[in-house]
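Take a look at the structure set out below.
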Amino acid sequence: RQDPRDVLVNRWGVEVAQLPQGARIGTSSPRRAAQLKALRPDVETLPIRGNVDTRLRKMDQGDYDGIVLAAAGLLRLGLEARITQYLPPDLFVPAPGQGALAVEVRQDDEEVLDLVSAINHGPTRVAVTAERAFLEALGGGCQVPVGAYAQVDGDTLVLHAFLSAPEGTPSYRTKARGRASNPHEVALDAYQRLIEKGAGALLKAEA
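For the sequence shown, my numbering begins at 216 and goes up steadily by one.
Written out as structure tokens, the structure is:
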């Protein structure tokens, strides 16, 4: 798994807190837009399309003051020098599975399964399993902004989860901790904690 964080790139080279009032930030991710609004309600979020190079070019030519992207994309392209700020995952929760690479294999292809098992990274698999299980608990068709980021520390798994209305408020965050051997249990704990905080109303409204 490459760095799972989101990053801010902007023409002033400043962090989120120092962005000028009304700055125009490009992102087509409801999750990123909602969390950015939670940190800076005055910032204007605008949709943006295209690959990483296209988005950077649109910012450079003045269509946007800044953009929010996945760190993994910039790092894998050797564009880390463009990154202005790495957004802390506890405050700006990444998308489930962000930064991770997956290999899809036919279930009955034992030869290929044996080959790819050699490159399986255990902690990444556990973390992404928890993140995806949290998303599954919300419902496969969930359209509200959602983030989930898990880390394995020895035998312990910690999962940060985020859920909000599309406009950024209300928003709910939680952290669940449990056994790395049971990522589904940790995911369900995070889901139940958000429901207890009142997030269930968002899911009912979305349904």
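Just so it is clear, CB atoms sit at the ideal spot from N, CA and C, and this is done for glycine as well.
Any idea if D257 is buried or exposed, counting beta-carbon neighbours within 10 angstroms, 16 or more meaning buried?
exposed
If you follow the beta strand (DSSP E) that Q250 is in, where does it begin and where does it stop?
From DSSP, Q250 is part of no beta strand (DSSP E) but of the alpha helix (DSSP H) over P245 to L254.
Pick helix, strand or coil for H399, following the three-state DSSP scheme.
helix
Whole angstroms is fine: what's the gap from H375's alpha carbon to G354's?
18 Å
Tell me the DSSP bridge mates of T371?
D368 and R394
Can you tell me the Cα-Cα spacing of L403 and A414, whole angstroms?
14 Å
Neighbour-count burial assignment, V327, 16 or more Cβ in a 10 Å radius
exposed
When you compare only the Cα positions, how much space is there between E351 and T344?
10 Å
Hey, quick one: how far does the alpha helix (DSSP H) through T269 stretch, first residue to last?
V267 to D275
Per-residue burial, R392 [other beta carbons within 10 Å of its own, 16 or more giving buried]
exposed
Considering only DSSP beta bridges, list what I240 is partnered with.
T260 and G281
State the beta-bridge partners of Q423 as determined by DSSP.
Lying outside 216 to 422, the shown extent of the chain, residue 423 is not represented and no answer is given.
Given a threshold of 16 other Cβ atoms within 10 Å of its Cβ, counted over all protein chains shown, does V331 qualify as buried or as exposed?
exposed
Less than 8 Å between the C-beta atoms of L284 and D221, yes or no?
yes
Measuring only the C-alpha atoms, how far is G234 from S379?
Before going further, note that residue 234 is Leu rather than Gly in the sequence given. Their Cα atoms are separated by approximately 23 Å.
Taking contact to mean 3 or more Cβ pairs, one atom from each stretch, closer than 8 Å, check whether the segment 262-277 and the segment 308-320 are in contact.
no
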